Amino acid sequence: MGFSSIFTLTITSLFFSILLVNLVCIFFYQLSKSQPISILATILFLLNGGFGFLFFLRTFFLQPSFALFFNPPHKYTHMPEYLIQWANVIDSHIIPSRTFLFGFCIALIVVLIVHRILIQNRLGKHANLTLLFASVLYGILPIFHMHSFLAISFVFFFWFMLEFRNRKKDQAIRLFRWTLFGSISLILASVLYFQFLRDPSHQSYLRWFPGWYTNIYPFPIILFWIMNWTFTPFIATVEFFSHKRQHLHLIPFFVLFLLVNLFLFQPFIWDNTKFLVWISLGFSYLTATYFWTYFQKGLFWKVFVGIIFCITIFSGSLEVSRMLFSNADTRIMLDSTETSATNWIQKNTTSNAIILTSDHPYHPVPTRTGRRILMGYRGWLRTYGYDFAEIERDIEKMFETPNKSRPIFEKYNVSYIYVGNHELLEYQVDVATLKREFPIVYSDTEVTIYQRSE
478 MGFSSIFTLT ITSLFFSILL VNLVCIFFYQ LSKSQPISIL ATILFLLNGG
528 FGFLFFLRTF FLQPSFALFF NPPHKYTHMP EYLIQWANVI DSHIIPSRTF
578 LFGFCIALIV VLIVHRILIQ NRLGKHANLT LLFASVLYGI LPIFHMHSFL
628 AISFVFFFWF MLEFRNRKKD QAIRLFRWTL FGSISLILAS VLYFQFLRDP
678 SHQSYLRWFP GWYTNIYPFP IILFWIMNWT FTPFIATVEF FSHKRQHLHL
728 IPFFVLFLLV NLFLFQPFIW DNTKFLVWIS LGFSYLTATY FWTYFQKGLF
778 WKVFVGIIFC ITIFSGSLEV SRMLFSNADT RIMLDSTETS ATNWIQKNTT
828 SNAIILTSDH PYHPVPTRTG RRILMGYRGW LRTYGYDFAE IERDIEKMFE
878 TPNKSRPIFE KYNVSYIYVG NHELLEYQVD VATLKREFPI VYSDTEVTIY
928 QRSE
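My numbering numbers the first residue of the sequence shown as 478 and each following residue consecutively.
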């Protein structure tokens, strides 16, 4: 349609960000039927944080200035040096991860439909068609965000078990709807998994790891969660057991929280936060319910709840303020020379061209051109279990000894060789031999592109 890549990225991210906030609020309203609770829970979910703000207050009292509130000097929800690892959801997931943004929205739509039709048994005119739509969305969810798929699958399993713990008059019809929903989703998800997502190394990353980060940095687990999440998990627990019958369908969020504290599900420890986002959804609702219940009891409770609420969202609010008003986290993804080079690639190479590059996670060629490269970012390949040792060695040889690597160029059918700052930092590129062996088709101050074949 002729839109620029910047416009396209910005407008889609903005749309899905607004959609996510609205879906979260609708989810909380569907659970509570209370507008105040849904608003409180949404704020708690989006402004999650721990006691990192204490470090901010220390800075503020040493150098009093209200400008600090609009330009916080640190990220106070993610301070690994103080074992604060459960970062604010906006900063750690919503803004940096488009796959999370898309996947979480899709998953929330599915959860809303399932809860309304299969749990609340609210059957509208097009209930079966709506459920079919939800099953298709659920089935394709692994393509967008596997962690969201696994999290809501866990929730649905518990909901299914809870639904049929007692006999009901319409049990056969309800079982049929659950079976129809589950079977369609399972077929779609299985096809996508075995076709595209199956771990090529067949490794299992599930690992016994009690205490999460406190497993490697000895620290009392309760204090760890207070530092990372203030009072939210504890208030949520109190609210759950105070009104257990009312909150039975939130049991899976507690079980998932227990599992996150006992196991690792991927090689990187921090990746457990992808499940914590879903746990936060349940805990934020319970905490908001507790707050609103006591807020209505009198002046003392209004003041008390107000103070606890402000403490709970203080660090998260500082994080959002830092993102809105500070330039501390702004960084150039592509500079003007890289943009010019990618413009040339888009205009002058075929869509099936294979380009030799480094594996930098924000490399301009895969980021902007749509052309194929030999190897993506090694951190992500390692996470998903790919064995890339051979191709890693071959790429190094092609950059460092190109005159001896003709068979390797042929092996991978390389069309172009891109040499920019990432390549020069990563490899000892033999620029002189590349110039002698391959014609230069593009060159500026920082990027040179050589053509091997097309």
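Note that beta-carbon positions come from the ideal geometry of N, C-alpha and C, so glycine has one too.
As the structure is a prediction and not an experimental result, all values here were calculated from the model.
Assigned exposure category for residue i - 16 Cβ within 10 Å defines buried
i	result
Q562	buried
E900	buried
A649	exposed
L795	buried
M704	buried
W755	buried
V732	exposed
T435	The requested residue 435 does not occur in the structure, where the chain is confined to residues 478 to 931.
L524	buried
R859	exposed
V932	Absent from the model: residue 932. The displayed extent of the chain is 478 to 931, so no value can be given.
T826	buried
G526	buried
I872	buried
S667	exposed
S761	buried
G793	buried
K881	exposed
Three-state secondary structure assigned by DSSP to residue i
i	result
T691	helix
T554	coil
Y559	helix
V587	helix
V896	strand
Q905	coil
Q672	helix
T925	strand
F740	strand
I728	helix
L833	strand
I503	helix
A666	helix
L524	coil
S660	helix
D812	coil
F546	helix
Q512	helix
Start and end residues, alpha helix (DSSP H) containing residue i
i	result
S681	That residue, S681, is in no alpha helix (DSSP H); it is neither H nor E in DSSP.
Y771	T750 to F772
T789	L776 to F802
I572	Premise fails: I572 is in no alpha helix (DSSP H) and is neither H nor E.
L531	F530 to L539
L700	I698 to W706
R642	Taken as a continuous stretch (DSSP letters only), R642 belongs to no alpha helix (DSSP H), as it is neither H nor E.
A713	T709 to S719
Nonlocal neighbours in the same chain, by C-beta distance under 7 angstroms from residue i, ignoring five residues either side
i	result
P513	W769
H592	Q507
N898	E923
P879	D907, T910, L911 and E914
S542	none
L639	L725 and H726
Y694	L560
F745	T860
Residue range of the unbroken beta strand (DSSP E) whose run includes residue i
i	result
N615	As written in the sequence, residue 615 is Tyr, which differs from the Asn given in the question. That residue, Y615, is in no beta strand (DSSP E); its alpha helix (DSSP H) goes A604 to F621.
V918	I917 to S920
L851	Element bounds for L851: n/a, residue is neither H nor E.
Residues of its chain near residue i, where Cβ-Cβ distance is below 8 angstroms and the 5 sequence neighbours each way are ignored
i	result
L663	G616
S828	G847 and R848
Y559	G529, F532 and M704
L758	V501, F504, F522 and F730
L497	I571, L578, F581, C582 and L585
E877	Y904, Q905, V906 and D907
R855	D836, F865 and E869
Neighbourhood of residue i by C-beta, 6 angstroms cutoff - its chain only, sequence neighbours within 5 removed
i	result
L811	P841
I594	A604 and L608
L741	R684 and F686
F791	F530
P916	Q928
T834	H840, V842, I850 and Y895
I926	Y893, Y895, V918 and Y919
Closer than 7 angstroms: residue i CB and nearest the ligand NAP heavy atom
i	result
L496	In the structure shown, the ligand NAP is absent, as is every other ligand, since no ligand is present at all.
Handout entry: the region 810–820 in contact with the region 541–553 per 3-pair CB rule at 8 angstroms
Key = no
Practice task
Could you tell me whether the region 784–798 touches the region 717–737, where touching means 3 or more Cβ pairs closer than 8 angstroms?
Solution key: no
Handout entry: Validate contact between the region 611–629 and the region 576–584 using beta carbons, cut 8 angstroms, 3 pairs
Key = yes
Problem - the region 535–547 / the region 703–720 touching (three or more Cβ pairs under 8 angstroms) - result: no
Problem - Cβ pair count under 8 angstroms reaching 3, the region 809–816 against the region 833–850 - result: yes
Handout entry: Inter-stretch contact (C-beta, 8 angstroms, three-pair minimum) for the region 486–506 and the region 657–671
Key = no
Practice task
Count the CB pairs spanning the region 515–526 and the region 749–767 that are closer than 8 angstroms, and state whether there are at least three.
Solution key: yes
Handout entry: the region 603–614 touching the region 628–635, judged by at least three CB pairs closer than 8 angstroms
Key = no
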